[in-house]
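Down below is the structure, laid out as C-alpha cells.
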Ligand SMILES: [Zn+2]
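Residue numbers (our numbering): 187 to 566.
See below:
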C-alpha cells in the first residue's frame, strides 16, 4: 500500500511535506507524541488536539499485553477505542521486547519473551507483529526488527542486520498477502475501500556507517512506502547518532518519508529535521515532565528546585501554552513537591507544547528558506 507523500518546499536538505493518511493529513517534519498504552500519560485527547498533535505513536508490545489487540479490534480499532480521529502509528513491538523483557530467546522464527506484567511467556514473529498491528489498525505500521544492542562488534551487528532484513521480507510478504485477501474480501462483500495501512521498513546496522548504508539499500529493494532509522539513541554519543543518520539519509529515497525512531532533545529534533528527517518520536517530553523537568526556550528547568518556590513567572516566558499562560513556576513547583497528579499533567502539556511548537517553527523556517534563525539553546 502506498502512502501519498508530497514535498511542498525544500531548504537545503530539509523539506516540508505532507503525508495523506486515511485519518487526515500529517505535515512533516513532524514530532509524534508517544501514547504507549493508547494514552499519552496524563493528557486527554482533546488537549492533544488543541496542542496540534497530528499523529500519535502507540506501542504494539504494550497494547498486545493489555488490553490485547483482539479486544481493540472488537472495539473498532485503536482510533475508535481511544477516540482519536487523527493519524496513528504503531511500532512493531521489537524495541520493547528487547528493552523491557527478561529471559528472551531470539531465533530465526522470532522472539520468545516473558511479559513484564505477569511473567507469562509469548512469541513475537514478524508475521505475528504484523497481525497484531493490523488488528490495532494504525495508519502507519512498522516492520518487526531486531534492535541491535549497544555496543556491538561489527560481526555481531552484521548478523543482526541480516536478521532484520530477513524479518523485513517476511513482514512485507505477510502484509501484502493480507492486503490481497482484504481487497478481494472488500470487493466481494462490501465494495468498501481497501485497507489504508502503510507498512514502513526499518534500517539497522548499529554504529557502522557502511552497514547502515547497506541496510538502507537492501531494505529499499523491498519497496516500502516509508523508511525508519532504528537502533539509535541507545547510549551512543550524539555525534555518532548524527553520523549514522547522515549515512542512512544519503541512501534513502528522497520522495518517501524518513523517520528516525526514538529521538531526541529539542535541539536534536531541529538538527535532524534540517538534515532531511521527516518524522520523529520520543518519550523524552512526556517522561521528563513526570519527573519535573521542563524544556523551555531558556534551556532545561528543574521545577522542583527551591529557587522557584516564590517565582511568579511562567515556566517559559516565551511559551504560549495554556499552562504557561495561566500558572506560575511557584504553583507548578508546589504541585510537584506535594505529589499532586496535576503536576505531571501540566508539565506534560507544556513539554509537548514546546516540542510541537519547535517542530512547527522548523516547518516555518523551511518554508521561508531560512534555517539559520531557528535555534536556540542546547540541551544536555
Ligand atoms: Zn508552556
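Built from N, CA and C at the ideal position, the CB exists for glycine as well. All values reported here derive from a predicted model rather than from experimental measurement.
CA nearest to the CA of residue i, picked from the options
{"i": "residue 413", "options": "422, 398, 389 and 432", "result": "389"}
{"i": "residue 218", "options": "326, 403 and 508", "result": "326"}
{"i": "residue 207", "options": "192, 360 and 466", "result": "192"}
{"i": "residue 486", "options": "524, 559, 246 and 501", "result": "501"}
{"i": "residue 341", "options": "394, 439, 308 and 385", "result": "394"}
{"i": "residue 556", "options": "188, 332, 195 and 190", "result": "195"}
{"i": "residue 347", "options": "331, 360 and 249", "result": "331"}
{"i": "residue 270", "options": "232, 294, 252 and 543", "result": "232"}
{"i": "residue 547", "options": "189, 190 and 200", "result": "200"}
{"i": "residue 514", "options": "494, 528 and 273", "result": "494"}
{"i": "residue 419", "options": "303, 468, 524 and 275", "result": "468"}
{"i": "residue 450", "options": "484, 304, 430 and 471", "result": "471"}
Where residue i falls: helix, strand or coil (DSSP)
{"i": "residue 280", "result": "helix"}
{"i": "residue 330", "result": "coil"}
{"i": "residue 383", "result": "coil"}
{"i": "residue 346", "result": "helix"}
{"i": "residue 541", "result": "helix"}
{"i": "residue 410", "result": "coil"}
{"i": "residue 397", "result": "helix"}
{"i": "residue 449", "result": "coil"}
{"i": "residue 211", "result": "strand"}
{"i": "residue 486", "result": "strand"}
{"i": "residue 197", "result": "strand"}
{"i": "residue 308", "result": "strand"}
{"i": "residue 297", "result": "strand"}
{"i": "residue 555", "result": "coil"}
{"i": "residue 192", "result": "strand"}
Within 8 Å, strictly: CB atoms of residue i and residue j
{"i": "residue 334", "j": "residue 417", "result": "yes"}
{"i": "residue 289", "j": "residue 358", "result": "no"}
{"i": "residue 400", "j": "residue 387", "result": "no"}
{"i": "residue 578", "j": "residue 279", "result": "With the chain covering only 187 through 566, there is no way to say anything about residue 578."}
{"i": "residue 220", "j": "residue 243", "result": "yes"}
{"i": "residue 517", "j": "residue 452", "result": "no"}
{"i": "residue 227", "j": "residue 476", "result": "yes"}
{"i": "residue 277", "j": "residue 298", "result": "no"}
{"i": "residue 421", "j": "residue 336", "result": "yes"}
{"i": "residue 521", "j": "residue 532", "result": "yes"}
{"i": "residue 545", "j": "residue 474", "result": "no"}
{"i": "residue 202", "j": "residue 428", "result": "no"}
{"i": "residue 499", "j": "residue 488", "result": "no"}
{"i": "residue 549", "j": "residue 215", "result": "yes"}
{"i": "residue 538", "j": "residue 322", "result": "no"}
Original post:
Is the number of C-beta pairs between the region 505–522 and the region 256–274 that are closer than 8 Å three or more?
Top reply: no
Original post:
For the region 432–449 against the region 457–472, are there 3 or more C-beta pairs whose distance is under 8 Å?
Top reply: Touching, yes.
**OP:** Only counting runs of 4 or more residues, tell me where the alpha helix (DSSP H) segments fall wholly within the region 234–287, in order along the chain.
**Re:** 246–251, 255–260, 264–267 and 280–286
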